[in-house]
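Chemist: Counting from 1, position 12 in the sequence shown corresponds to residue 231 in this note's numbering; the numbering is continuous, with no gaps. All C-beta atoms, glycine included, are put in the ideal place defined by N, C-alpha and C. Note that the structure is a prediction, hence the values are computed from the model and not measured.
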Amino acid sequence: MKTPTRLLLILLTAVALPVAFAYVDDAHSRAMEAAIPAVKEGFLVRQEYWAGSVVTKQPSVVKHQLFAGNTYWFWLASDEDSAQVTVHVYDPAGKLADGDAWQRGNMAAVKITPKKTGVYFIVFSVEQSQAKKNRWALAYGFK
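#1: Looking at the secondary structure, which residues open and close the alpha helix (DSSP H) in which Glu-260 lies?
#2: Assuming Ala-250 and Ala-356 make a contact with CB atoms under 8 angstroms, what is their CB distance in whole Å?
#3: Between Tyr-309 and the rest of its own chain, which residues show a CB-CB distance below 7 angstroms, the 5 nearest in sequence each way excluded?
#4: Assuming Gln-349 contacts Ser-301 under a Cβ cut-off of 8 angstroms, what Cβ separation, rounded to an integer in Å, is found between them?
#5: Going by the DSSP bridge assignment, what does Gly-360 pair with across the sheet?
#6: What ranges does the alpha helix (DSSP H) occupy inside the region 274-350, keeping only unbroken runs of at least 4 residues that lie completely in it?
#7: With distances taken Cα to Cα, identify the nearest neighbour of Ala-328 among Pro-256, Asp-245 and Gly-261.
#8: Beta-carbon separation of Ala-270 and Pro-333 under 9 angstroms?
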């Protein structure tokens, strides 16, 4: 095989290999879909998000530092169409701190304006689903 042909083959393999292993995180895509109304209101969505799998009716917790003076939205979604999800925020003392909230099937969201800076607890669960394990993603934004 001649050198130009060999180089072309190596280049094509280098480009095609990462594409072959790429995937779409449907749960995160749905969480971003849930964020659209808040983005239209000027909320900035963070690139970072949490994701994983959870068993139905098994609550999970994410701890996150929130700052007084900001307003936050947390958006939770599952990639399972039959899932019913919930999300709530608790303050550092363990008291429910939800502001506005909504739930629509496999997407839910909660808004909070913390009175104090501190570590808050975002508690979420899949309340109902046909799947035994559900892939989830939790994203957030602020302003």
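Modeler: On the basis of the coordinates in this document:
#1: Taken as a continuous stretch (DSSP letters only), Glu-260 belongs to no alpha helix (DSSP H), as it is neither H nor E.
#2: Going by Cβ atoms, the distance from Ala-250 to Ala-356 rounds to 5 angstroms, so yes, they are a contact pair.
#3: Here the set comprises Leu-315, Ala-316, Tyr-339, Phe-340 and Val-342.
#4: Approximately 4 angstroms separates the beta-carbon atoms of Gln-349 and Ser-301; this is inside 8 angstroms, confirming the contact.
#5: DSSP, once it has assigned bridges, lists Val-264 and Trp-292 as partnering Gly-360.
#6: Within the region 274-350, no complete alpha helix (DSSP H) run reaches 4 residues.
#7: The residue among Pro-256, Asp-245 and Gly-261 with its C-alpha nearest the C-alpha of Ala-328 is Pro-256.
#8: The answer is no: Cβ separation not under 9 angstroms.
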